[in-house]
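Q: Can you keep this structure in mind? I'll have questions shortly.
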Amino acid sequence: MSEEKLIKKKIFNYIFKFWLIFGLGFLAVIIFFIGIESEWFGPMPTFEELENPKSNLASEIYSVDSVLLGTYHIENRSNVDYRELSPYLINALVATEDERFAEHSGIDGKSLLRVAYGVMTGNAGKGGGSTITQQLAKNLFTMRSLNPSKLQLVLFKFKEWVTAIKLERNYTKQEIISMYLNTVAYGSNSFGIKSASSTFFATTPDSLKLEEAALLVGVVNKPTRFSPIRNPKNSLKRRNLVLSRMQKNGFITQAVYDSISAIPIDMSRFRIFDHTEGQARYFREFLRAQLTEWCKVNLKADGSPYNIYTDGLKIYTTIDSRMQAHAEAAMKEHLALDLQPTFYKHWEGIPQAPFTFEGDSALREVEKLMDLTIRRTERYRKLRNAGVQFDSVKKIFDIPVPMKLFSWEGTIDTVLSPLDSLRYYKFFLHSGLMSMEPHTGQVRAYVGGIDYNTFKYDHVTQGRRQVGSTFKPFLYTLAMQEGEYTPCSMLPNIQPRIELDNGDVWEPANDPDGTEGQEITLKYALAKSNNWISGRLIKRHSPRSVRTIARKMGVTSPISPVYSIALGSADLKLSEMVGAMNTYASKGVYIQPIFVTHIEDKNGNEVARFVPNKSEAMSEETAYLMLELMKGVVDYGTGRRLNWKYGFRHTIAGKTGTSNNQSDGWFMGIVPQLTTGVWTGCDDRSAHFRSLTLGQGANMALPVWALYMQKLYADTTLNFTKGEFEMPFRGMNIEFDCDKFNRNRNNEVEFDEDEEF
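The sequence shown runs 34 to 790 under my numbering.
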């Protein structure tokens, strides 16, 4: 073989080997990527997962006036759309993390070559090669194991490449930007750009200033190292590095860079979100329980139940944030500035305070009550579970320890024994308020107590307390609906005598008002909360009939069919009482209070809509007669201080209530646009005012209603008017001026106890 042929053969062999190696290598790469796609090297995101990537999204609770009340979350993360992002934020991210973001399809070849060259030359400190899309793939899909080997790290990087390319095929560049900013952590319990904007600067992503956007983009790289709170110097350097890259890439001018980089970091608005703070805490906790039950029976498209902590639901409530704020402020104003100081002064210097035990056994009774209180604490349960006997538990409760105590003036840092702290909290008066629209049933304000962080018990929907005279309207409803009586019908104000089945006699007591033995109108009797007239009415209608009408008006709590319910012996919830009294304002139709209008999923699709249950409880005419009766309470009855003290001169229907020993004070107030109920009292029924003057509902609960309504009328954004209750469509040929019927009031009357009336 000639030398020329030999050379040609060698060249051919070299070329053949080159293409063979290249082909085999290319084939190996293809097989390798097929293997990645086929999950030979571990799981990869499915098409469905790429279309709907999972992340722990907080569910958001909105008021009816579009204010975010709070969230339910594991990670406080909420998504925002691209159009809700500040241009500064977008430009800062692209300039810092992926300057050729608009040009590549998930992988930036130039960056990879730069990184490879840096590794080979020992100069690898000029930035990474991962694109924004690759980082998003890593954030969305867990493809790495703990403590991976170098080989595994290389494999994971290839898997991220494949996933990044898929993401680029499934999403627009704008969607990738927003998804990235929504998924990254910014430190300080902030997940996603919406949470971070609120935490660091008390603003929204679309309102971020240039220096704020640069700081947040810089923080993402290493949230702890570049935290403006923990490491402000590092954070400033990092922010200015982001600004310099924005200038380098033409997003800002040199002059802008020089100006903005000189601005110091301002963290005066920094505040870590605390789910225990904010508006409507009791309501949000009540709603949490309701939604948890809803999630159990409502399934997503994949058949799994909704999760309020991770599914990013948007819950649209009926609460009005303005009315809620006024309700909370009114409660605080009355209790903190007036009622609680009065209560302290009322009990000053009395050993058994604030309990009304009397005699030689008073202190022993207090000790028994405090022993029971100890047994209800979490500290006691832990000690008992550890095998500590009760006598030893009591000794432990007597040892002073550092603690924080609630007070209306602010948190108190002190050293106190747990037992003394329990006694301290027994002095606090509590309250609840619920307010709803008459014709929609939508609850506009819900205040379950005075401080959720300290007192978790909800006095709107959890607590049942003795309702006192606020129960009497149920009894008067029976009298009105039969058509025999009107508000101006007159009855003898004489103590009734009712023989019970067991042979006992029930004779209700009554506070004297100078009309004993005379005839009085039903309107006057209800206004003065007359027990004798209530006794006569229940004798005529029976306790079971009263319970039946209460049931029709939405009361579900147990009611014993005994004659004493005429005076309010039943224990009911505030939410029940507000719903029931609202029946009068809604023209005789009971409307079950509603708290949520609808729920949307994370994509804005409506997944549930709620409407209240309605049922006719009485005629429209009967409801109007009851409003006329209850107007007398405010005009000249137990609620008249609304006029002389608080200056109300318009139409108000109301009813006060005071339980036995003044343990509970109630006021139910109705105006054409709103029905509101207030309860006030101590958590322990044996702690209360010792006088009716201080402990009556008109003094404990009514002022909260008055202050609340004053604030509503003063708020011009709410448009509350002071109108009249609407007359029934068919009209009513009834005299409502009861003064015309009082001419016989000063005449003594004789009345046969067995006479029907």
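Heads up, the beta-carbon is just placed ideally off N, CA and C, and yes, glycines get one too.
These numbers come from a predicted model, not from an experiment.
Assuming Arg355 and Thr671 are in contact, meaning their beta carbons sit under 8 Å apart, how far apart are those beta carbons, in whole angstroms?
A: About 30 Å; that fails the 8 Å criterion.
Q: Under 6 Å Cβ to Cβ from Ile632, same chain only, skipping five residues before and after it: list those, please.
A: So the qualifying residues of the chain are Leu346, Ile348, Val640 and Ala641.
Q: Determine the contact status of Leu600 and Val588, defining contact as a CB-CB distance below 8 Å.
A: Result no, Cβ atoms of Leu600 and Val588 do not sit closer than 8 Å.
Q: Taking the alpha-carbon positions, what's the Pro736 to Leu745 distance?
A: Cα-Cα distance, rounded: 14 Å.
Q: Which complete alpha helix (DSSP H) runs does the stretch 263-294 hold, if anything under 4 residues is left out?
A: Fully enclosed alpha helix (DSSP H) runs of 4 or longer: 265-281 and 287-294.
Q: Write down every uninterrupted run of the beta strand (DSSP E) in the stretch 641-722 whose length is 3 residues or greater and which is fully enclosed by it, in chain order.
A: Listed in chain order, they are 647-649, 686-691, 698-704 and 707-715.
Q: Pull the bridge partners of Ser223 from the DSSP assignment, please.
A: DSSP lists Gly220 as partners of Ser223.
Q: Put Pro338 into one of helix, strand or coil per three-state DSSP.
A: It is a strand residue.
Q: On the DSSP bridge list, what partners appear for Leu332?
A: Answer by DSSP bridge pairing, in chain order: Pro338.
Q: Given a threshold of 16 other Cβ atoms within 10 Å of its Cβ, counted over all protein chains shown, does Gly690 qualify as buried or as exposed?
A: It is buried - the Cβ of Gly690 has at least 16 other Cβ atoms within 10 Å.
Q: Return the residue from the list Phe439, Asn526 and Leu508 that minimises the CA-CA distance to Phe488.
A: Phe488 has its Cα closest to that of Phe439, out of Phe439, Asn526 and Leu508.
Q: Using the Cβ count rule (16 or more neighbours within 10 Å means buried), how would you classify Tyr377?
A: Tyr377 is exposed by the Cβ-count criterion.
Q: From the DSSP output, in three-state form, read off Tyr447 for me.
A: Before going further, note that residue 447 is Thr rather than Tyr in the sequence given. It is a strand residue.
Q: Within a Cβ cutoff of 6 Å, which residues of the same chain sit near Asn564, ignoring the five residues on either side of it in sequence?
A: Around Asn564: Pro541, Asn543 and Leu600.
Q: Go through its chain and collect everything with a Cβ distance to Asp239's Cβ below 7 Å, but skip five positions before and after it.
A: Hits under 7 Å: Glu117, Leu118 and Ser119.
Q: When you compare each of Asp770, Ala739, Thr684 and Leu39 to Met523 by their alpha carbons, which one comes out closest?
A: Nearest option by C-alpha distance: Asp770.
Q: What would DSSP say about Arg321, mapped onto helix, strand or coil?
A: Reduced to three states, the DSSP call for Arg321 is helix.
Q: Tell me the DSSP secondary structure of Leu570 in three-state form.
A: Helix at Leu570.
Q: Am I right that Ser111 and Leu90 are in contact with their C-beta atoms under 8 Å? What's the rounded C-beta distance?
A: That pair is a contact at about 6 Å.
Q: Just mark Arg302 as buried or exposed, buried being the case when its beta carbon has 16 or more other beta carbons within 10 Å.
A: It counts as exposed.
Q: Can you give me the Cβ contacts of Arg778 inside the same chain, cut-off strictly under 7 Å, excluding the 5 residues immediately before and after it?
A: Any answer about Arg778 is weak, because its pLDDT of 48 lies below 50 and its placement is not dependable; what the coordinates show is given next. Excluding sequence neighbours, Arg778 sits near Thr548, Gln551, Glu552 and Ile553.
Q: Per DSSP, what are the beta-bridge partners of Gly103 in this structure?
A: DSSP, once it has assigned bridges, lists Ile94 as partnering Gly103.
Q: When the distance is taken between beta carbons, is Leu658 closer than 8 Å to Ala520?
A: One detail in the question is off: residue 520 reads as Pro in this sequence, not Ala. Yes, they are a contact pair.
Q: Would you give the residue range spanned by the beta strand (DSSP E) that Tyr115 belongs to?
A: Looking at the DSSP string, Tyr115 is not in any beta strand (DSSP E), and its letter there is neither H nor E.
Q: Using the C-alpha atoms, what's the distance from Trp441 back to Arg723?
A: For Arg723 and Trp441, the distance between alpha carbons rounds to 23 Å.
Q: By DSSP, does Ser119 sit in helix, in strand, or in coil?
A: In the structure shown, Ser119 sits in coil (DSSP, three-state: anything other than H, G, I, E or B).
Q: Compare the C-alpha of Pro645 against each of Thr630, Asp537, Ile685 and Asn638 and name the closest.
A: Ranking Thr630, Asp537, Ile685 and Asn638 by Cα distance to Pro645 puts Thr630 first.
Q: Does DSSP put Pro10 in a helix, a strand or coil?
A: No information on residue 10 is available, as it lies outside the stretch 34 to 790 that the chain covers here.
Q: What span of residues does the beta strand (DSSP E) with Val480 cover, start to end?
A: Per DSSP, Val480 belongs to the beta strand (DSSP E) from Val476 to Val480.
Q: In chain order, what are the residue ranges of uninterrupted alpha helix (DSSP H) at least 4 long that sit wholly in the stretch 487-514?
A: Complete alpha helix (DSSP H) runs here, min 4: 505-514.
Q: Taking DSSP's pairing of strands, which residues face Met436 in a bridge?
A: The partner list for Met436 (beta bridge, DSSP) reads Thr447.
Q: From which residue to which residue does the beta strand (DSSP E) around Tyr485 run?
A: Counting along the chain, Tyr485 falls outside any beta strand (DSSP E), and DSSP gives it neither H nor E.
Q: I need the DSSP call for Phe45, collapsed to helix, strand or coil.
A: Residue state, collapsed to three classes: helix.
Q: Can you tell me whether Ala334 is buried or exposed? The criterion is at least 16 other CB atoms within 10 Å of its CB, across all chains shown.
A: The residue is exposed, with fewer than 16 neighbouring Cβ atoms inside 10 Å.
Q: Just confirm the distance between the C-beta atoms of Thr713 and Ser464, as a whole number of angstroms; I'd bet it's less than 8 Å.
A: About 4 Å; that satisfies the 8 Å criterion.
Q: Which residues in the same chain as Tyr95 place their Cβ atom closer than 8 Å to its Cβ, once the five residues preceding and following it in sequence are excluded?
A: These residues qualify, in order along the chain: Leu101, Leu102, Lys347, Ile348, Tyr349 and Thr350.
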